[in-house]
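Residue 9 is where the sequence shown starts when you use the working numbering, and the numbers rise one by one after that.
First up is the structure itself, then whatever we jot down about it.
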Amino acid sequence: MARESESGLPIEPVYGPDALEGWDPADKLGEPGAYPFTRGVYPSMYTGRPWTMRQYAGFGTAVESNARYKQLIANGTMGLSVAFDLPTQMGHDSDAPIAHGEVGKVGVAIDSVDDMRVLFGGIPLDKVSTSMTINAPAALLLLLYQLVAEEQGVSADKLTGTIQNDVLKEYIARGTYIFPPKPSLRLIADIFKYCKAEIPKWNTISISGYHMAEAGATPAQEIAFTLADGIEYVRTAVAAGMDVDDFAPRLSFFFVARTTILEEVAKFRAARRIWARVMREEFGAKNPKSLMLRFHTQTAGVQLTAQQPEVNLVRVAVQGLAAVLGGTQSLHTNSFDEAIALPTDKSARLALRTQQVLAYETDVTATVDPFAGSYVIEKMTDDVEAAAVELMTKVEDLGGAVDAIERGFQKNEIERSAYRIAQETDSGERVVVGVNRFQLDEEEPYEPLRVDPAIEAQQAERLAKLRAERDQPAVDAALADLKKAAEGTDNVLYPMKEALRARATVGEACNALREVWGTYVPSDVF
Numbered sequence: 009m010a011r012e013s014e015s016g017l018p019i020e021p022v023y024g025p026d027a028l029e030g031w032d033p034a035d036k037l038g039e040p041g042a043y044p045f046t047r048g049v050y051p052s053m054y055t056g057r058p059w060t061m062r063q064y065a066g067f068g069t070a071v072e073s074n075a076r077y078k079q080l081i082a083n084g085t086m087g088l089s090v091a092f093d094l095p096t097q098m099g100h101d102s103d104a105p106i107a108h109g110e111v112g113k114v115g116v117a118i119d120s121v122d123d124m125r126v127l128f129g130g131i132p133l134d135k136v137s138t139s140m141t142i143n144a145p146a147a148l149l150l151l152l153y154q155l156v157a158e159e160q161g162v163s164a165d166k167l168t169g170t171i172q173n174d175v176l177k178e179y180i181a182r183g184t185y186i187f188p189p190k191p192s193l194r195l196i197a198d199i200f201k202y203c204k205a206e207i208p209k210w211n212t213i214s215i216s217g218y219h220m221a222e223a224g225a226t227p228a229q230e231i232a233f234t235l236a237d238g239i240e241y242v243r244t245a246v247a248a249g250m251d252v253d254d255f256a257p258r259l260s261f262f263f264v265a266r267t268t269i270l271e272e273v274a275k276f277r278a279a280r281r282i283w284a285r286v287m288r289e290e291f292g293a294k295n296p297k298s299l300m301l302r303f304h305t306q307t308a309g310v311q312l313t314a315q316q317p318e319v320n321l322v323r324v325a326v327q328g329l330a331a332v333l334g335g336t337q338s339l340h341t342n343s344f345d346e347a348i349a350l351p352t353d354k355s356a357r358l359a360l361r362t363q364q365v366l367a368y369e370t371d372v373t374a375t376v377d378p379f380a381g382s383y384v385i386e387k388m389t390d391d392v393e394a395a396a397v398e399l400m401t402k403v404e405d406l407g408g409a410v411d412a413i414e415r416g417f418q419k420n421e422i423e424r425s426a427y428r429i430a431q432e433t434d435s436g437e438r439v440v441v442g443v444n445r446f447q448l449d450e451e452e453p454y455e456p457l458r459v460d461p462a463i464e465a466q467q468a469e470r471l472a473k474l475r476a477e478r479d480q481p482a483v484d485a486a487l488a489d490l491k492k493a494a495e496g497t498d499n500v501l502y503p504m505k506e507a508l509r510a511r512a513t514v515g516e517a518c519n520a521l522r523e524v525w526g527t528y529v530p531s532d533v534f
């Protein structure tokens, strides 16, 4: 009897040549590093060097997060990945009433250039690649990073990294949006233009399916809605006067890796093939780099359990293997205790060691694309691709990603999938080890890392000191220039940078834009 994949597609007990009847390897596969990039975006993949090992970290104050980054670097991390707290993600200062109780909880609190300077103190920004999980205020955090680099004597053309900067998925699955879709897309286009001129090696957006997957999206939904968002961003930049080959090589993506290895590998292969075809056929991209879907992967936090948390070590290893076999460019492996609280130093180190074992103790890096030609993988890739294209067509029929978002289409589809998963788990049809099968009568005690609640008061004191010391008329003038640019058509990043240099806060800069652009209020009308 056939099983169903996470996307609801059949998985047969046995596959043979008939599964690929009429199948053209030249059209479906190509060579590694060549169109349609099914087999990977680079000819040598990991046989030359392994993927970038990033560890997502950030909590409490900039001082605490800086110490964690230095530990990760000492343990062999090749790239930093910054988590920001909710007030920062929503463009609020730590002393704003709305921030109460959330300062430093799920990431580091960054209110101004003073905090960013501490966050990267003693870390040479020309030597590390930094990814920042920040969306609506992404321009602000990127500019703060650039300002700190300038203080270190590092020119912007030496900076490498990524800002997530994917606000469309916030409307779909995550909720840390600020502005309505149209000004948000305008801001993203301004970032594309600014980085092309000022920070040319920076990846300007990480178009994310991860958070949709965490909300319950199937693999097919994850890539369909992510690629539909990507198409919307490309259209926005082209409409703003940019040539597709001027910015497309700097686009990147962000996906989840689940424990279902075979479908995850198929998902990554299908996503590369769809994106290459869209960029060549719809947008006429000529640069091969514009056709490459390069992506970061994070193991599935939603699959971690608070029950028997050590079992998560096994889950993360399996998920990491799926990402590697699928051809990821960088990887974050979750710590086993994240379902309980913030990772401890030891659990964060174990998560990194998981990647190092995959890279240096297994043979998966010895050959390019180990699964190429596998009957099951190629058939599943075709099936996931067809399911994703069908969903992308529905988004197009609704007018594109933004119109579909405003009608609640993607959110509704994901919620249906999440409900199905919950029902299957509750009934026992979907086995979750330690939760609905193989439970313990009594869980072993575990002492998690906790955030000091005094951080909120400390950040408020820092802000009070900053406002007392800075040149307030200069800040006011810079914020007025920012509002003027937002009201017109000038690139807002240039006056934004000057406001931050004058020590305007993240909240103040976001408030200036709120006054011009307003805030987004969701509606469920689909």
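We put the CB at the ideal spot given by N, CA and C, even for glycine.
Quantities reported herein were computed from a predicted structural model and do not represent experimental measurements.
Here His100 is buried. Its C-beta has 16 or more other C-beta atoms within 10 Å. Val514 and Ser435 have their alpha carbons spaced roughly 46 Å apart. Annotation: the continuous beta strand (DSSP E) that includes Phe261 extends over Leu259 to Ala265. Burial check for Arg458: the Cβ neighbour count within 10 Å stays below 16, so the residue is exposed. A distance of 8 Å or more separates the beta carbons of Ala359 and Gln160.
In its chain, beyond the 5 residues on either side, Val126 have a beta carbon closer than 7 Å to the beta carbon of Val71. Rounded to the nearest whole angstrom, the CA to CA distance from Gly381 to Leu28 is 10 Å.
Residue burial is scored here from C-beta neighbours: Ile196 has at least 16 other C-beta atoms within 10 angstroms and is therefore classed as buried. If you check the CB distance, Phe303 and Ala245 do not come in under 8 Å. In the structure shown, Ser216 adopts extended strand secondary structure according to DSSP, grouped into three states. The Cβ atoms of Pro132 and Asp165 lie no closer than 8 Å to each other. Listed as beta-bridge partners of Ile171 by DSSP are Met140. For the stretch 219-287, the continuous alpha helix (DSSP H) assignments of 4+ residues that do not extend past its boundaries occur at 227-247 and 252-255, in sequence order. Annotated as distal: Ile239 and Val175, with beta-carbon spacing of 8 Å or more. The alpha helix (DSSP H) runs lying completely inside the stretch 415-462 and spanning 4 residues or more are 417-435, given in chain order. C-alpha of Glu272 to C-alpha of Asp253: approximately 29 Å in a straight line.
For Gly24 against Ile463, the beta-carbon gap comes to about 59 Å, at or over 8 Å, which does not count as contact.
Straight-line spacing of the CA atoms in Trp283 and Arg415 works out to 25 Å. The C-alpha of Ala507 lies about 14 Å from the C-alpha of Pro145.
It is roughly 35 Å from the alpha-carbon of Ser298 to the alpha-carbon of Asn519. Residue pairing by DSSP places Trp525 opposite no residue, since no beta bridge is assigned to it.
In this structure, Met250 is the residue among Met250, Gly496, Pro317 and Leu474 with its C-alpha nearest to the C-alpha of Ala293. Proximity to Thr184 across Lys190, Pro296 and Asn173 peaks at Asn173, based on C-alpha coordinates.
Listed in chain order, the alpha helix (DSSP H) elements of length 4 or more contained wholly in the stretch 101-151 are 121-127. The stretch 371-390 makes no contact with the stretch 338-357; the number of CB pairs closer than 8 Å stays below 3.
The straight-line gap separating the alpha-carbon atoms of Ile19 and Val524 is approximately 52 Å. Tyr23 carries a coil assignment under DSSP once its states are collapsed to helix, strand and coil. Assignment of beta-bridge partners to Met86 by DSSP yields no partner. By a beta-carbon distance limit of 8 Å, Ala426 does not contact Ala228. Their separation comes to about 14 Å. Between the alpha carbons of Ile142 and Arg357 lies a gap of roughly 24 Å. Taken through DSSP and simplified to helix, strand or coil, Glu12 comes out as strand. Cβ neighbours of Leu350 within its own chain (closer than 8 Å, five residues either side excluded): Phe67, Pro456, Leu457, Arg458 and Val459. Shown here, Arg62 sits in a strand according to DSSP, grouped into three states.
Within the same chain, and ignoring the five residues on either side of Tyr383 in sequence, the residues whose Cβ sits closer than 8 Å to its Cβ are Tyr23, Gly24, Pro25, Ala27 and Leu28. Rounded to whole angstroms, the Cβ separation of Arg438 and Leu474 is 50 Å, and the two are not in contact under 8 Å. DSSP, read as helix, strand or coil, puts Ser355 in helix.
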